[in-house]
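Residue numbers for the sequence shown follow full-length UniProt numbering, beginning at 1 and rising by one.
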Amino acid sequence: MSSRAKAGSDSCRGDSGEMNPDLSRERATASFNPETITNILDGTPERTRRRREIESLVINDPAFQNEDPNFLSRSERYELAIKKSSQMVKKIRDHGISDPEEIYWYK
1 MSSRAKAGSD SCRGDSGEMN PDLSRERATA SFNPETITNI LDGTPERTRR RREIESLVIN
61 DPAFQNEDPN FLSRSERYEL AIKKSSQMVK KIRDHGISDP EEIYWYK
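Okay, here's the thing in structure tokens:
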């Protein structure tokens, strides 16, 4: 399962950083603790913390802010993808991320 699809993932938040109100309401009425499920899916609370830390590096990095691809030509979309890919490799090295699963989280 993708780390972004896991319960409790910060990637369930929109561009404003606010969680979808429907999702928030469902979590509030759940018969279980969503954070506990998140920790189980990640393996440990420490791995959940680390995954969120890595995800936040990407979410808060201006180099990865998305332009609307609908207004870009095919060649501009390709250039943007190459630029973001090279930035990703550079940032992974800069942050010392070498664990394959952590690299996956960064992607």
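C-beta atoms are modelled at their ideal positions from N, C-alpha and C, and glycine is treated no differently.
All of these numbers come straight from a predicted model, not from anything done at the bench.
(Q) Considering only their Cβ atoms, is the gap separating residue 57 from residue 90 smaller than 9 Å? (A) no
Q.
Considering just the uninterrupted stretch of the alpha helix (DSSP H) at residue 19, what are its terminal residues?
A. No alpha helix (DSSP H) holds residue 19; DSSP gives it neither H nor E.
Q. How many Å lie between residue 63 and residue 51 at the Cα?
A. 19 Å
Q: Give the DSSP-derived three-state secondary structure of residue 30 in the structure shown.
A: coil
Q) Taking just the CA atoms, how far does residue 54 sit from residue 36? A) 20 Å
Q.
Looking at residue 25: is its Cβ nearer than 9 Å to the Cβ of residue 34?
A. no
Q) Which of helix, strand or coil does DSSP assign to residue 98? A) coil
Q | Cβ shell of residue 80 (< 8 Å), same chain only, five flanking positions each side left out | A | 67, 69 and 72
Q.
Between which two residues does the alpha helix (DSSP H) holding residue 48 run?
A. 45-59
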